[in-house]
Amino acid sequence: MQTTNAPLRLLASFMEAYDAQPTQVFQVPAREMWVAASIDEGGKMCVIMPDLDARITFDHRSARQQRTTTNRPLPTWAAYCAGTLLEMSLRHLDIPGANIAIVGNEPSGPRFNYACGMAVAASILEHREQTYDDNLLLDVVDAVRRNYIK
């Protein structure tokens, strides 16, 4: 996976997928992951992973069932994203919906899945203008793993 010009790749992928400029662009603390995001009032969260050629859309209802909005099972990395949306709601940090692009260079497996959840949590906290660090993000994703991941 190429990490040079990660923000440039990220912006190009975001603009191609959503036909808009992101309102947030940042690196996830302590991870080789970059995020571009914008809030969407439509009530759905759409996450693209250009490195995996993947696009997943879910809302609160489908996330609780670990399904996409088209009733397909979520891949593990996306289950961490969906679980993070639910965990943040439990912490009273709701967002109406979002369009998110994630690129990076994390090894596949648990670290990659955690990084995906951390990316969603960081995006929500960025939107809410909350301060955070990698320990808070790990705490959120640990709760997701305990309470949500099957």
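Using numbering that gives the first Met the number 0, you'd call the opening residue of the sequence shown number 0 and step up by one each time.
Note that the Cβ used here is the ideal one computed from N, Cα and C, for glycine as well.
For Gly103, the enclosing beta strand (DSSP E) has its first and last residue at Ala97 to Gly103. Cβ-Cβ separation between Ala35 and Pro21: approximately 4 Å, consistent with a contact (criterion under 8 Å). In the structure shown, Ser37 adopts extended strand secondary structure according to DSSP, grouped into three states. Distance from the CA of Ala118 to the CA of Ala81, rounded to the nearest whole angstrom, comes to 11 Å. DSSP places Ala62 in the uninterrupted alpha helix (DSSP H) bounded by His59 to Arg63.
DSSP places Val24 outside any alpha helix (DSSP H); the residue lies instead in the beta strand (DSSP E), whose first and last residues are Gln23 to Gln26. At the C-beta level, Ile101 and Met32 come within 9 Å of one another. Judged by DSSP in its simplified three-state form, Ile148 adopts coil rather than helix or strand.
For Ile47, no alpha helix (DSSP H) encloses it; the enclosing beta strand (DSSP E) starts and ends at Met44 to Met48.
Pairwise C-beta distances place the region 54 to 61 in contact with the region 37 to 46, as three or more of them are shorter than 8 Å. Linking Met14 to Ser37 through their CA atoms gives a straight-line distance of about 11 Å. A check of alpha carbon separations from Pro74 across Leu135, Tyr131, Pro95 and Gly116 identifies Gly116 as the nearest. For the pair Asp132 and Pro28, the CB atoms are nearer than the 9 Å cut-off. Its Cα nearest to that of Ala120, the residue Ser88 stands out among Gly42, Ala16, Ser88 and Ala62.
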